[in-house]
Amino acid sequence: MTGRQKAAVLNPLRLVGSTAQQVGREQRQDVFTGVRIGPGHRTVELFLTDPGEKDAFLAQVKRRAPKADLGLVEVRAAPSSRTELLRHINRLKGLGSRLPFEIQGIGHSVDGTSIKVMAGDAAKADTYFATAPAARLANGDTPRYDVLQGQRRGSDPLLYTRQDDSSPFYAGAALDNAGNPQSHCTSGIPAVSTWDGLDATGCTRYLNGVCSNLVNDEVCQLGCNSKVVCGIRVTNVEFDHGGVITTVGVQKDGATAARGGDSGGPVITINHPDSRELNGIVRGGWTGYPTWVVWVDVWDIFNAFAIKLNPS
Numbered sequence: 011m012t013g014r015q016k017a018a019v020l021n022p023l024r025l026v027g028s029t030a031q032q033v034g035r036e037q038r039q040d041v042f043t044g045v046r047i048g049p050g051h052r053t054v055e056l057f058l059t060d061p062g063e064k065d066a067f068l069a070q071v072k073r074r075a076p077k078a079d080l081g082l083v084e085v086r087a088a089p090s091s092r093t094e095l096l097r098h099i100n101r102l103k104g105l106g107s108r109l110p111f112e113i114q115g116i117g118h119s120v121d122g123t124s125i126k127v128m129a130g131d132a133a134k135a136d137t138y139f140a141t142a143p144a145a146r147l148a149n150g151d152t153p154r155y156d157v158l159q160g161q162r163r164g165s166d167p168l169l170y171t172r173q174d175d176s177s178p179f180y181a182g183a184a185l186d187n188a189g190n191p192q193s194h195c196t197s198g199i200p201a202v203s204t205w206d207g208l209d210a211t212g213c214t215r216y217l218n219g220v221c222s223n224l225v226n227d228e229v230c231q232l233g234c235n236s237k238v239v240c241g242i243r244v245t246n247v248e249f250d251h252g253g254v255i256t257t258v259g260v261q262k263d264g265a266t267a268a269r270g271g272d273s274g275g276p277v278i279t280i281n282h283p284d285s286r287e288l289n290g291i292v293r294g295g296w297t298g299y300p301t302w303v304v305w306v307d308v309w310d311i312f313n314a315f316a317i318k319l320n321p322s
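Per the numbering used here, the sequence shown starts with residue 11, numbered consecutively.
#1: By the DSSP assignment, the beta strand (DSSP E) with His-251 in it spans what residues?
#2: Candidates Glu-84, Trp-296 and Asn-313: which alpha carbon is nearest Pro-49's?
#3: For the segment 23 to 83, list the alpha helix (DSSP H) runs that are entirely contained and at least 4 residues long, ordered along the chain.
#4: Between the alpha carbons of Leu-20 and His-51, how many angstroms are there, rounded?
#5: Is any heavy atom in the ligand SAM found nearer than 7 Å to the beta carbon of Pro-110?
#6: Take the Cβ of Arg-14 as the centre, count every other Cβ of all protein chains shown within 10 Å, and call the residue buried at 16 or more, exposed below.
#7: Would you kindly report the start and end of the unbroken beta strand (DSSP E) that includes Thr-137?
#8: Which two residues bound the contiguous beta strand (DSSP E) that contains His-98?
#9: With C-beta atoms as the reference, is Ile-125 less than 8 Å away from Pro-153?
#10: State the DSSP-derived secondary structure class of Gly-271, mapped to helix, strand or coil.
#11: Rounded to a whole number of angstroms, what is the C-alpha to C-alpha distance between Thr-59 and Val-120?
#12: Whose C-beta lies closer than 8 Å to the C-beta of Ala-75 among residues of the same chain, with five residues either side of it excluded?
#13: With 16 other CB atoms within 10 Å as the buried threshold, where does Tyr-138 fall?
#14: Tell whether a beta-carbon distance below 8 Å holds between Glu-287 and Asn-226.
#15: Quick one: give me the first and last residue of the beta strand (DSSP E) that Asp-307 is part of.
#16: Please list the terminal residues of the continuous beta strand (DSSP E) segment that includes Ile-255.
#17: Round the Cβ separation of Val-239 and Trp-302 to the nearest angstrom and send it over; I've been treating them as touching at under 8 Å.
#18: Going by C-alpha to C-alpha distance, which of Gln-31, Lys-77 and Glu-63 sits closest to Ala-325?
#19: Okay, do the segment 88 to 99 and the segment 141 to 150 touch, 3+ Cβ pairs below 8 Å being the bar?
#20: Would you kindly report the start and end of the unbroken beta strand (DSSP E) that includes Asp-156?
#21: For Lys-237 and Pro-300, I'd like the C-alpha separation in whole angstroms.
#22: Considering only DSSP beta bridges, list what Arg-286 is partnered with.
#23: Tell whether a beta-carbon distance below 8 Å holds between Pro-161 and Gln-114.
#24: Around the C-beta of Pro-283, are 16 or more other C-beta atoms found within 10 angstroms, so that it is buried, or is it exposed?
#25: Tell me the DSSP secondary structure of Gly-233 in three-state form.
#26: To the nearest angstrom, how far is it from the Cα of Thr-43 to the Cα of Thr-53?
#27: Please report the residue range of the beta strand (DSSP E) in which Thr-266 lies.
#28: Under the rule that 16 or more other beta-carbon atoms within 10 Å means buried, what is Ser-107, buried or exposed?
#29: Out of Ser-91, Gly-81 and Ala-132, which one is the CA nearest neighbour of Gly-122?
#30: Quick one, are the C-beta atoms of Trp-309 and Val-220 less than 8 Å apart?
#31: Do you know offhand how far Asp-136's Cα is from Lys-103's?
#32: In angstroms with no decimal places, state the Cα-to-Cα distance between Val-277 and Pro-22.
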């Protein structure tokens, strides 16, 4: 499937899915759990704790995005709302040193059935979640905990001093470590255009807008050392990565999703042959999981700094 054909399939799903996500997070927190592009990329699955609220929920989606195709949406039941799950996650994080392991990353599945944990000691985490009362939700239910082994203490990568980017301030440009020819960071998103590092002539692709991250969507990251990595499937849109809320993606073909020096590079959606939508900037990943990459959502950045895309 060509990029143009893929965009024709995915763009309608992205519109209704991202709009449903905004409605769920802002107006219908009482019933919203999550939303994702369905298997086969033909539908959008919307998870609500009360499927009977479908019509009212979708009416709000339509008011916000009149061109959204509501016929693409399939509503499914979820056991807990996003708000309930986030409250539980924050309670676990608040235990801090009282936990027998370090939480290096934590989030919930889009359907609300499990909590995903990256732990400094996975064995201790598994034991804790199997026995501790604090592992239960406020309503007494015990969710499924999917635990992965994170980085051992002392294995964090060494940080280097960065040099400033230079005009014309393209996103995706190298920020060098002084005295070392290898780039150690990548310029980020308040940019006029995005450099496509795969093209030796330095081709640019203009940014035509910004895009919410949606589970099961596909994105590319343009970090300076990796150049262009596509086929990154979004797996989680609210994962706490070392205290920062991020989106998680996995390179679907098993290739390395990001390398040292890609941090700060733009994450984009190919929605048009000659221009791109912006999803966020690369933050990093975990040692031992080379197909994983995490990035900060563009809307979180814009809202935090009161900025907008240039050009808008």
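Cβ coordinates follow ideal geometry from the N, Cα and C atoms, glycine included. Only a predicted model underlies this, so the values are computations on that prediction, with no experimental measurement involved.
So, to answer that:
#1: 239 to 251
#2: Glu-84
#3: 64 to 74
#4: 7 Å
#5: The ligand SAM is not part of this structure, which contains no ligands at all.
#6: exposed
#7: It is not in any beta strand (DSSP E) - Thr-137 instead sits in the alpha helix (DSSP H) that spans 132 to 141.
#8: It is not in any beta strand (DSSP E) - His-98 instead sits in the alpha helix (DSSP H) that spans 92 to 104.
#9: yes
#10: coil
#11: 12 Å
#12: Leu-25, Val-26 and Thr-29
#13: buried
#14: no
#15: 302 to 307
#16: 254 to 261
#17: 12 Å between Cβ atoms; not a contact.
#18: An answer regarding residue 325 cannot be provided, because it is not within the stretch 11 to 322 covered by the chain.
#19: yes
#20: 154 to 159
#21: 16 Å
#22: Leu-217
#23: Per the sequence shown, residue 161 should be read as Gln rather than Pro. Yes; because the gap between Cβ atoms is below 8 Å, this pair is in contact.
#24: exposed
#25: coil
#26: 17 Å
#27: It is not in any beta strand (DSSP E) - Thr-266 carries neither H nor E in the DSSP assignment.
#28: exposed
#29: Ser-91
#30: yes
#31: 16 Å
#32: 20 Å
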